[in-house]
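Visitor: Here the working numbering = 1-based position in the sequence shown + 54.
What follows is a structure written as structure tokens; I'll ask about it next.
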Amino acid sequence: MNWILFLCCSVAFINPFMASSVNVAIIEIEKSLHTTSILTSWVITSYILSTAAILPIGAKLADIYGKRKIFIIGILLFAIASLIGGISENFTIFILSRITQGIAGALFLSTQSAILIDVFPKKKRGKVLGINTAFVYTGLSTGPFLGGIIISKYGWNAIFSITASVCFIVAIVSYYKLKFDDIKTAKTLYFNEFIYYPLFITLFIYSVSNITVSYSPIILIISFLFLYVFIGIQKKSEEPVIKINLFKENLIFGFSSLSALINYSATTALTFFLNLYIQSILKYDPQKSGKILLIQPVIMALISPFAGKLSDIKEPQIIASIGMLLTTVSLFITSFINLNSNINMIIIILVIAGIGFGLFSSPNTNAIMSSVERKNYAMASSIVATMRVLGQALSMAISSIILSLYMKDIKLSENPYMLVKTIKYSFYIFSSISFLGIFFSLMRGKMHKK
Numbered sequence: 055m056n057w058i059l060f061l062c063c064s065v066a067f068i069n070p071f072m073a074s075s076v077n078v079a080i081i082e083i084e085k086s087l088h089t090t091s092i093l094t095s096w097v098i099t100s101y102i103l104s105t106a107a108i109l110p111i112g113a114k115l116a117d118i119y120g121k122r123k124i125f126i127i128g129i130l131l132f133a134i135a136s137l138i139g140g141i142s143e144n145f146t147i148f149i150l151s152r153i154t155q156g157i158a159g160a161l162f163l164s165t166q167s168a169i170l171i172d173v174f175p176k177k178k179r180g181k182v183l184g185i186n187t188a189f190v191y192t193g194l195s196t197g198p199f200l201g202g203i204i205i206s207k208y209g210w211n212a213i214f215s216i217t218a219s220v221c222f223i224v225a226i227v228s229y230y231k232l233k234f235d236d237i238k239t240a241k242t243l244y245f246n247e248f249i250y251y252p253l254f255i256t257l258f259i260y261s262v263s264n265i266t267v268s269y270s271p272i273i274l275i276i277s278f279l280f281l282y283v284f285i286g287i288q289k290k291s292e293e294p295v296i297k298i299n300l301f302k303e304n305l306i307f308g309f310s311s312l313s314a315l316i317n318y319s320a321t322t323a324l325t326f327f328l329n330l331y332i333q334s335i336l337k338y339d340p341q342k343s344g345k346i347l348l349i350q351p352v353i354m355a356l357i358s359p360f361a362g363k364l365s366d367i368k369e370p371q372i373i374a375s376i377g378m379l380l381t382t383v384s385l386f387i388t389s390f391i392n393l394n395s396n397i398n399m400i401i402i403i404l405v406i407a408g409i410g411f412g413l414f415s416s417p418n419t420n421a422i423m424s425s426v427e428r429k430n431y432a433m434a435s436s437i438v439a440t441m442r443v444l445g446q447a448l449s450m451a452i453s454s455i456i457l458s459l460y461m462k463d464i465k466l467s468e469n470p471y472m473l474v475k476t477i478k479y480s481f482y483i484f485s486s487i488s489f490l491g492i493f494f495s496l497m498r499g500k501m502h503k504k
């Protein structure tokens, strides 16, 4: 069991570490591959889109071929894609490697939580999910720092080469050490299941990410048409990719999933806006700003194992709701930032947000995963990851709309007053969304039946 936890935590660390390291490497990649800033944005976008599009498909493949096999294939494919990305001298090949990384990431993201839930007894699920979540936040927080050191000493390619090496090792160890009773609960993946969901998610995320562009509403409508068709197919299918009725019939699963979507929608933009404030108004350099913003993920990494373990004893309904309440408080405080605010206020916001999200994340995941039957573990695992990606996209879409309304073509450094005004109204909205989420979190019902 310790080997299984170690392998799942390794993957939990690698994925966010890679993502946050690449964010730091963007400028170097742009220079090295001789591309434009608009095209460079696809370094991030291509990975997010491909991951989100394949997550439920990965879960269905795990039900057909087994979670162990899909987990190992995902890590191995991620290693190969990272290796190709690291040696790429052509931007098109590099983007194709990022898309492949996203697909590979979806394969192990849709199985890692399912494996942990499958292997560990019910009384330890919250604890192991909390530890796993802590590794996610550790990867997220160390990525910019370690990535910056690697880039400055060895170049951006080294991030991909090192990641590839680690993934190859994890894949080999997984082949020999990842042993458990792996049941297969499905037989076939139909083409219409494979095509409609990826089309919906790709068009949806693209449209909300470019919400201020004139044709975005049309793309958004088309995406919902694909979703409508997909839902219709799933309701009739004997082996659906996503069991739509589960959201309605299982209150814990439905409201916990909705709570995750709301929480990510409300919180993702926090570090984005605080980073803008710290650099544009407080005039801190990027390195110092990055160190300050580390406070939130570090606290989240420390709190998550404790919160997860607590959710094995106490109701996730209560723990996660307290977490959302603290998150709401941090978002509401952010709306009071003005031109005279100091760094202490920023630190207080990050500390409260870190505690809040740390209390929410692992208990909420425990509630989702423990509320379904064993045959649905992989699907539930993919839903957890999908809610995160969709929430992040919605959060940045709201940010883009408000920035376009108040900042328009004004440079951030030229009009600090408008930036503060943008932050104010953005966090009125985000804190309201988060406050609403508390009620959905409480409505999920009790997991521990007496």
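Quick reminder that beta carbons are idealized off the backbone N, C-alpha and C, glycines included.
Can you tell me the Cα-Cα spacing of G139 and S435, whole angstroms?
Guide: Sequence index remark: in the sequence shown, residue 139 carries index 85 (1-based). Sequence index remark: in the sequence shown, residue 435 carries index 381 (1-based). Near 27 Å, if we compare the C-alpha coordinates of S435 and G139.
Visitor: Rounded to the nearest angstrom, what separates K297 and Q288 at their Cα positions?
Guide: Within the sequence shown, the letter at position 243 stands for residue 297. Within the sequence shown, the letter at position 234 stands for residue 288. So the alpha carbons of these two residues sit roughly 7 Å apart.
Visitor: What span of residues does the alpha helix (DSSP H) with W57 cover, start to end?
Guide: Residue mapping note: residue 57 aligns to position 3 of the sequence shown, counting from 1. Looking at the DSSP string, the run of the alpha helix (DSSP H) that includes W57 is N56 to S86.
Visitor: Going by Cα to Cα distance, which pick from A314, V182, I129 and T381 is closest to A158?
Guide: As a first step, residue 158 must be located in the sequence shown, where it is residue number 104. Out of A314, V182, I129 and T381, I129 has the C-alpha closest to the C-alpha of A158.
Visitor: Buried or exposed for Q350, please, with buried defined as at least 16 other CB atoms from any protein chain shown within 10 angstroms of its CB.
Guide: Start at 1 with the first residue of the sequence shown, and residue 350 comes out as number 296. Label assigned to Q350: buried.
Visitor: Determine contact between the stretch 303-314 and the stretch 277-294, defined as no fewer than three beta-carbon pairs at a distance below 8 Å.
Guide: The answer is no - the stretch 277-294 does not touch the stretch 303-314, with fewer than three Cβ pairs under 8 Å.
Visitor: Could you check the C-alpha separation between Y191 and R428 for me, to the nearest Å?
Guide: Against the sequence shown, residue 191 aligns to sequence position 137. Against the sequence shown, residue 428 aligns to sequence position 374. So the alpha carbons of these two residues sit roughly 27 Å apart.
Visitor: Give me the Cα-Cα distance between K363 and I357, rounded to the nearest whole angstrom.
Guide: The residue given as residue 363 occupies position 309 in the sequence shown. The residue given as residue 357 occupies position 303 in the sequence shown. Cα to Cα, the separation comes out at about 10 Å.
Visitor: Pick helix, strand or coil for M472, following the three-state DSSP scheme.
Guide: Within the sequence shown, numbered from 1, the residue matching residue 472 stands at position 418. Here M472 sits in helix by DSSP.
Visitor: What number of angstroms, rounded off, separates the C-alpha of W96 from the C-alpha of K500?
Guide: Numbered from its first residue, the sequence shown carries residue 96 at position 42. Numbered from its first residue, the sequence shown carries residue 500 at position 446. So the alpha carbons of these two residues sit roughly 42 Å apart.
Visitor: What's the call for K233, buried or exposed, on a 16-neighbour Cβ count within 10 Å?
Guide: Position 179 of the sequence shown, counted from the start, is the residue given in the question as residue 233. Exposed.
Visitor: Could you pull out every residue in the same chain whose Cβ sits closer than 8 Å to the Cβ of Y482, ignoring the five residues on either side in sequence?
Guide: In the sequence shown, residue 482 corresponds to position 428, counting from 1. Same-chain partners within the cutoff: S389.
Visitor: Between the C-alpha atoms of P175 and S424, what's the straight-line distance to the nearest angstrom?
Guide: Residue mapping note: residue 175 aligns to position 121 of the sequence shown, counting from 1. Residue mapping note: residue 424 aligns to position 370 of the sequence shown, counting from 1. Approximately 11 Å between the Cα atoms of the pair.
Visitor: Identify which residue in F148, V65 and A107 has its Cα closest to the Cα of T44.
Guide: Absent from the structure is residue 44, since the part of the chain shown begins at 55 and ends at 504.
Visitor: What is the C-beta distance between F280 and F301, in whole angstroms, given that I count them as a contact (C-beta under 8 Å)?
Guide: Translated into the one-based positions of the sequence shown, residue 280 becomes position 226. Translated into the one-based positions of the sequence shown, residue 301 becomes position 247. At roughly 18 Å, the Cβ-Cβ gap does not stay under 8 Å, so F280 and F301 are not in contact.
Visitor: T266: buried (16+ other C-beta within 10 angstroms of its C-beta) or exposed?
Guide: In the sequence shown, the residue the question calls residue 266 occupies position 212. With fewer than 16 other Cβ atoms within 10 Å, it is exposed.
Visitor: What would DSSP say about Y269, mapped onto helix, strand or coil?
Guide: Within the sequence shown, the letter at position 215 stands for residue 269. Looking at Y269 - three-state DSSP - the assignment turns out to be coil, as it is neither helix nor strand.
Visitor: Tell me the DSSP secondary structure of M399 in three-state form.
Guide: Counted from its first residue, the sequence shown places residue 399 at position 345. Here M399 sits in helix by DSSP.
Visitor: Between which residues of its own chain and N211 is the CB-CB distance below 6 Å, once the five residues before and five after are set aside?
Guide: For this step, residue 211 is matched to residue 157 along the sequence shown. G140.
Visitor: Can you look up N317 in the DSSP assignment and give me helix, strand or coil?
Guide: The residue labelled residue 317 in the question sits at position 263 within the sequence shown. Helix.
Visitor: If you run the structure through DSSP and keep just helix, strand and coil, what is N186?
Guide: Residue mapping note: residue 186 aligns to position 132 of the sequence shown, counting from 1. Helix, per DSSP.
Visitor: Is it a yes or a no for the stretch 58-75 touching the stretch 192-200, going by three-plus beta-carbon pairs under 8 Å?
Guide: Yes: the two stretches touch, three or more of their Cβ pairs being nearer than 8 Å.
Visitor: Check the C-beta distance from A168 over to K121 and give it rounded, since I have them as a contact under 8 Å.
Guide: As a working note, residue 168 is residue 114 in the sequence shown. As a working note, residue 121 is residue 67 in the sequence shown. Between K121 and A168 the Cβ distance is about 6 Å, and since that is below 8 Å, they are a contact.
Visitor: Taking contact to mean 3 or more Cβ pairs, one atom from each stretch, closer than 8 Å, check whether the stretch 215-230 and the stretch 436-454 are in contact.
Guide: As far as the Cβ criterion goes, the stretch 215-230 does not touch the stretch 436-454, which means the pair count is below three.
Visitor: With a cut-off of 8 Å on the beta carbons, I'd call G408 and G377 a contact; round off their distance for me.
Guide: Residue mapping note: residue 408 aligns to position 354 of the sequence shown, counting from 1. Residue mapping note: residue 377 aligns to position 323 of the sequence shown, counting from 1. Not quite, the Cβ-Cβ distance comes to about 10 Å (not below 8 Å), so this is no contact.
Visitor: Could you spell out where the alpha helix (DSSP H) holding G159 opens and where it closes?
Guide: Here residue 159 refers to the residue found at position 105 when the sequence shown is read from its first residue. Where G159 is concerned, the enclosing alpha helix (DSSP H) stretches over F145 to V173.
Visitor: Let me check understanding here. Comparing Cα to Cα, which of I332, I353 and A355 lies closest to G344?
Guide: Mapped onto the sequence shown, residue 344 falls at position 290. Checked all of I332, I353 and A355; the closest Cα to G344 is I332.
Visitor: For S532, does the three-state DSSP call read helix, strand or coil?
Guide: This structure does not reach residue 532, given that the chain is present from 55 up to 504, and the question cannot be answered.
Visitor: Please specify which runs of the beta strand (DSSP E), each continuous and at least 3 residues long, are wholly inside the stretch 327-405, giving them in chain order.
Guide: Whole beta strand (DSSP E) segments, 3+ residues: zero.
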